[in-house]
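Asker: Numbering (this note's numbering), first residue to last: 1346 to 1612. All C-beta atoms in this analysis are idealised placements derived from N, C-alpha and C, irrespective of residue type, glycine included. Source: prediction; values computed, not measured. Handing you this structure, nothing more for now.
The following block contains the structure:
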């Protein structure tokens, strides 16, 4: 059963959809005027189609290729006649298609092949302000965030999620993720617009805390590693035993992935 929740923050509108009303299994599509940020998972299309029909849409921007963000790109193109825009890396992946694990397909659905438009050099909003595309690899090699200098907010894609994380995908790069967080923190913003967590009014502070927590985790893990402890031992000591999520995904999304990556970070 899908949950639907309307979100409003100043001139930003959004709709949360998904199987359960929590961070891991729900998704928020944001709308700023006539601009849509990401498209939500394809298995939620029938529930959120009316959201896209409520007001005129001029442009649709993708943050990266993952199916919860790109799943309705083709549906939106068919509905509105507007081809979503993305950076070159995302365009290549979406043009060729990508594999989706069974658990991700169950949660989010598929993400059909589509030819996307390139991002414009200047992303203009209908109130005369602009969005800056910031390359933020780490969670995904093609991920970008969208920063509004005039409004002081950032659409963070999956850069934030939470102040503290305990799991990581097996294709994530923690070193790059930390560099990307630092890159976004260098901008002048207050609010984070996260497609999973939601509106984070103290967003800059929250993102800074996330980076601090990651660096602390890396330091603890590396100290234990230097004492001769294994990744399994370090994982249990810092994050606890692996649980159902890890086993259900075949450790594709697990605690040990985070610890393994933390040992590669240069402090």
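Using only the alpha-carbon positions, how far apart do residue 1421 and residue 1428 sit?
Answerer: Approximately 8 Å, taken between the alpha carbons.
Asker: Just to confirm, are residue 1430 and residue 1462 a CB contact at a threshold of 8 Å?
Answerer: In contact: residue 1430 and residue 1462 (Cβ atoms closer than 8 Å).
Asker: Which residues does DSSP list as the beta-bridge partners of residue 1493?
Answerer: For residue 1493, which the question treats as bridged, DSSP gives the partners 1498.
Asker: Between which two residues does the alpha helix (DSSP H) containing residue 1397 stretch?
Answerer: Taken as a continuous stretch (DSSP letters only), the alpha helix (DSSP H) holding residue 1397 covers 1390 to 1398.
Asker: Taking the alpha-carbon positions, what's the residue 1383 to residue 1539 distance?
Answerer: Each residue's Cα considered, the two are about 11 Å apart.
Asker: Please work out which residues of its chain come closer than 8 Å, Cβ to Cβ, to residue 1542, disregarding the five sequence neighbours upstream and downstream, and give them in chain order.
Answerer: For residue 1542, where only same-chain residues beyond five positions count, the Cβ hits under 8 Å are 1368, 1505, 1506 and 1507.
Asker: For the alpha helix (DSSP H) containing residue 1592, list its first residue and its last residue.
Answerer: Segment 1589 to 1593, the alpha helix (DSSP H) holding residue 1592.
Asker: Please go through the same chain and pick out, in chain order, the residues whose beta-carbon is closer than 8 Å to the beta-carbon of residue 1530, but skip the five residues on each side of it.
Answerer: These residues qualify, in order along the chain: 1549, 1552, 1553 and 1556.
Asker: On the criterion of 16 or more Cβ atoms from any shown chain inside 10 Å, does residue 1398 qualify as buried, or is it exposed?
Answerer: Per the 10 Å Cβ criterion, exposed.
Asker: If you run the structure through DSSP and keep just helix, strand and coil, what is residue 1574?
Answerer: Residue 1574: coil per DSSP, three-state reduction.
Asker: Mind reading off the beta-carbon distance from residue 1537 to residue 1499? Whole number of angstroms is fine, and I expect it under 8 Å.
Answerer: About 6 Å; that satisfies the 8 Å criterion.
Asker: Grab the span of the alpha helix (DSSP H) containing residue 1451 for me, first residue to last.
Answerer: Start and end: 1447 to 1453.
Asker: For residue 1615, count neighbouring Cβ atoms within 10 angstroms of its own Cβ and tell me buried if that reaches 16, exposed if not.
Answerer: This structure does not reach residue 1615, given that the chain is present from 1346 up to 1612, and the question cannot be answered.
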